[in-house]
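First residue of the sequence shown: 23, per the working numbering; consecutive thereafter. Each remark here refers to the structure printed beneath this line.
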Amino acid sequence: MEDTLLRMPVMCPECAREWLMEVPIASIAEALASNGYIRLYAPCHDKVWEASCLEREQLGEYLEVANLSRSARKIKVLGSLAADPCPRATR
Ligand SMILES: [Zn+2]
């Protein structure tokens with residue numbers, strides 16, 4: 023299985039420095055769709071943390087953009103993402 027990488031900015035929770043993290047599109051799409059665990063990493067503090075609600079939404083947006091620029095790849099979970107990206111945080 024090919025692993026197409028998506029570059030997205032993440033912010034270190036310790037020092038607020040921004041990093042470009044490369045994540046495999048397929049596994050991120052799956053984790054978003056199934057409410058699974060998404061691990062983010064900041065090299066400055068060697069910090070690993072779980073993506074927050076907001077970060078998950080951002081990931082979803084980046085995925086959507088990446089998906090648009092790669093029409094060959096179909097990520098069907100995007101429909102369910104839009105419907106229920108983060109049930110607790112909104113409204
Ligand atoms: Zn840091």
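Glycine is no exception: its CB is placed at the ideal position from the N, C-alpha and C atoms.
Query raised in the report: To which residues of the same chain is Ala111 closer than 8 Å at the C-beta, ignoring the five residues directly before and after it?
Result: At Ala111 the pLDDT is 49, less than 50, meaning the model places this residue with poor confidence; the figure from the coordinates comes in the next sentence. Cβ contact annotation for Ala111 (same chain, cutoff 8 Å, sequence separation greater than five): Cys75, Leu76, in chain order.
Query raised in the report: In three-state terms, what does DSSP make of Arg39?
Result: coil
**Report entry** Beta-bridge pairing of Ala64 - partner residues as DSSP gives them
**Finding:** DSSP, once it has assigned bridges, lists Lys69 as partnering Ala64.
Report task. Let me have the residue list for ligand 1: C-beta closer than 7 Å to any non-hydrogen atom, ordered along the chain. Result -> Cys34, Glu36, Cys37, Arg39, Ala64, Cys66, His67, Lys69
Query raised in the report: Whole-angstrom Cβ separation of Trp41 and Ala64, contact assumed at under 8 Å?
Result: A Cβ-Cβ separation of about 6 Å places Trp41 in contact with Ala64 under the 8 Å criterion.
Query - The alpha helix (DSSP H) enclosing Ser49, as first and last residue numbers - result: 47-55
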